[in-house]
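*Asks:* Please find one structure pasted underneath; my questions will follow.
In this note's numbering, the protein residues as written are 6 to 429.
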């Protein structure tokens with residue numbers, strides 16, 4: 006923007022001709038006012054006249070910048086509506102790496118991140134970033150950089166600094182993490198992948214059969230996480246005010262945490278030597294989970310599961326579970342029902358509490374279930390009721406063993422002002 010010299014005439018002031026002592030006093034009185042006006046106009050127009058002002062980039066202290074992409078305005082670019090402009094950036098990250106990590110900071114940093122596997126390409130990880138924007142000056146407020154940190158991790162960071170007037174839909178990023186392909190029947194092993202990208206929707210492609218993560222941590226806020234399929238030893242997904250959905254398999258630990266939003270998942274837990282733990286927590290929204298329990302040996306296994314919400318229904322089912330496995334399940338909500346269906350292999354104790362709802366606790370036994378071991382054993386179920394039917398406890402076992410009565414498993418289901426159904 007071209008600036009014009011500020012003058013008394015331009016400011017709308019006309020000085021009378023000098024005709025004596027009185028006009029001189031008037032001139033002396035007016036000049037301080039003109040000076041103040043000029044200073045005010047200078048500060049008013051400074052952000053517009055100085056696009057190269059110093060930025061306060063919100064870069065975390067443990068992050069080092071390797072290099073940043075040059076974002077050039079292309080007026081002829083054809084980004085999809087509603088953004089009229091688009092400019093790309095590409096980064097190559099080496100494999101193996103101790104950790105791959107992706108972060109975003111700043112109010113303009115928002116969009117979607119996709120994690121997929123390429124059908125062809127290099128042996129490393131290729132990160133494509135598409136910057137969709139509404140106005141060319143916004144590019145001066147953006148940085149897309151390859152970054153490192155002290156633990157040896159490498160990744161990509163998106164940083165924004167905006168000192169102007171806020172507008173809706175100013176910038177949207179589309180980040181695609183392209184994992185390298187592998188030969189048929191091979192598995193790509195990745196030690197660690199992390200995202201810390203508030204305001205970014207996360208979409209994970211069909212990775213479950215061809216990629217195995219030792220650890221994967223996905224973090225966002227106000228945007229959903231949708232997983233087509235994922236397989237890892239340790240999985241942690243942290244969100245708030247948006248749902249977590251998809252198909253996830255874990256062999257050591259799995260944590261799904263959000264708030265005020267749905268958790269709707271199909272899970273596979275493969276028990277490790279130290280057992281496998283699952284935590285699912287939200288509030289004011291439903292948890293619906295189908296949980297398949299497996300082991301490499303076909304039997305045994307230790308599983309610890311916590312499912313917690315409030316003011317919404319909690320529904321769990323176990324379509325598969327190994328023989329002689331140990332399941333510890335704690336599920337609770339409030340002002341809403343709980344419905345849990347256990348696999349026939351379950352043996353152990355159970356406790357149901359439906360506070361303030363008479364006859365709200367129910368154990369529903371399928372008498373037609375056959376012995377899952379194929380030995381023709383009879384299933385024994387013992388029930389004890391209390392608190393006006395709002396409390397039920399008991400145990401279930403196959404055959405005449407005593408293990409079920411103090412047993413391998415324990416299930417505790419709790420709600421307030423809602424019903425509890427346990428299906429055996």
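For glycine and all other residues, C-beta sits at the position ideal for the given N, C-alpha and C. This structure is a prediction, so every number in the text was calculated from the model and none was measured.
1. In angstroms with no decimal places, state the Cα-to-Cα distance between residue 160 and residue 249.
2. What are the boundary residues of the beta strand (DSSP E) that residue 332 is part of?
3. Which full runs of the beta strand (DSSP E) of 3+ residues lie inside the segment 160 to 240, going along the chain?
4. How big is the Cα-Cα spacing for residue 448 and residue 144?
5. Is residue 290 near residue 275, with beta carbons less than 8 Å apart?
6. Tell me the residue span of the beta strand (DSSP E) that contains residue 403.
7. One question on the structure: do residue 5 and residue 71 come within less than 8 Å of each other, judged by their Cβ atoms?
8. Rounded to whole angstroms, what's the CA-CA distance from residue 125 to residue 221? Just pull it up for me.
9. In whole angstroms, give me the CA-to-CA distance for residue 236 and residue 100.
10. Between the C-alpha atoms of residue 119 and residue 400, what's the straight-line distance to the nearest angstrom?
11. Between the alpha carbons of residue 365 and residue 310, how many angstroms are there, rounded?
12. Considering residue 77, what are the terminal residues of the beta strand (DSSP E) in which it resides?
13. Between the segment 222 to 234 and the segment 130 to 149, do at least 3 Cβ pairs fall closer than 8 Å?
14. Starting from the Cα of residue 201, find the closest Cα among 419, 64, 326 and give me that residue.
15. Helix, strand or coil for residue 144? Go by DSSP, reduced to three states.
16. Going by DSSP, what residues sit across from residue 426 in a beta bridge?
17. At the level of alpha carbons, what is the spacing between residue 210 and residue 251?
18. Cα-Cα, which of 429, 130, 322 is closest to residue 297?
19. Excluding five sequence neighbours on each side, which residues of the same chain lie with their C-beta closer than 8 Å to the C-beta of residue 300?
20. How long is the line joining the alpha carbons of residue 103 and residue 292, rounded to whole angstroms?
21. List the endpoints of the continuous beta strand (DSSP E) containing residue 358.
22. Quick one: give me the first and last residue of the beta strand (DSSP E) that residue 294 is part of.
23. Identify whether residue 155 lies in helix, strand or coil by the three-state DSSP scheme.
24. Which term fits residue 173, buried or exposed, when burial requires 16 or more other beta carbons within 10 angstroms of its beta carbon?
25. Could you give the DSSP three-state label for residue 415: helix, strand or coil?
26. So what's residue 126 in DSSP terms, helix, strand or just coil?
27. Going by CA-CA distance only, name the one from 162, 403, 165, 302 that's closest to residue 278.
28. Go to residue 93, then tell me how far its beta strand (DSSP E) extends in each direction, as first and last residue.
29. DSSP on residue 392, reduced to helix/strand/coil?
30. Kindly identify the DSSP beta-bridge partner or partners of residue 133.
31. Would you check if the distance between the CB atom of residue 337 and the CB atom of residue 420 is smaller than 8 Å?
32. Please classify residue 191: is it buried, with 16 or more other beta-carbons within 10 angstroms of its beta-carbon, or exposed?
33. With a CB to CB cut of under 8 Å and the five nearest residues on each side skipped, what residues in its chain are close to residue 96?
34. Could you give the DSSP three-state label for residue 28: helix, strand or coil?
35. Per the DSSP calculation, residue 384 is bridged to which residue(s)?
36. One question on the structure: do residue 339 and residue 395 come within less than 8 Å of each other, judged by their Cβ atoms?
*Replies:* Taking the definition as stated:
1. 24 Å
2. 331 to 337
3. 176 to 184, 193 to 201, 205 to 211, 216 to 224
4. This structure cannot speak to residue 448, because the chain is shown only from 6 to 429.
5. no
6. 396 to 403
7. Nothing can be reported for residue 5, as the shown portion of the chain is limited to 6 through 429.
8. 23 Å
9. 19 Å
10. 46 Å
11. 23 Å
12. Note, residue 77: premise wrong, no beta strand (DSSP E); not H, not E.
13. no
14. 64
15. helix
16. 344, 367
17. 10 Å
18. 322
19. 275, 276, 306, 327, 330
20. 34 Å
21. 353 to 360
22. 292 to 299
23. coil
24. Residue confidence is low: residue 173 scores 49 on pLDDT, short of 50, so the model does not pin down where it sits. Its coordinate-derived value is still stated next. So residue 173 counts as exposed.
25. strand
26. coil
27. 302
28. 90 to 98
29. helix
30. 95, 181
31. yes
32. exposed
33. 74, 131, 132, 134, 151, 161
34. Note that residue 28 has pLDDT 44, beneath the 50 cutoff, so the model's placement of it is unreliable and the number below is only indicative. Here residue 28 sits in helix by DSSP.
35. 403
36. no
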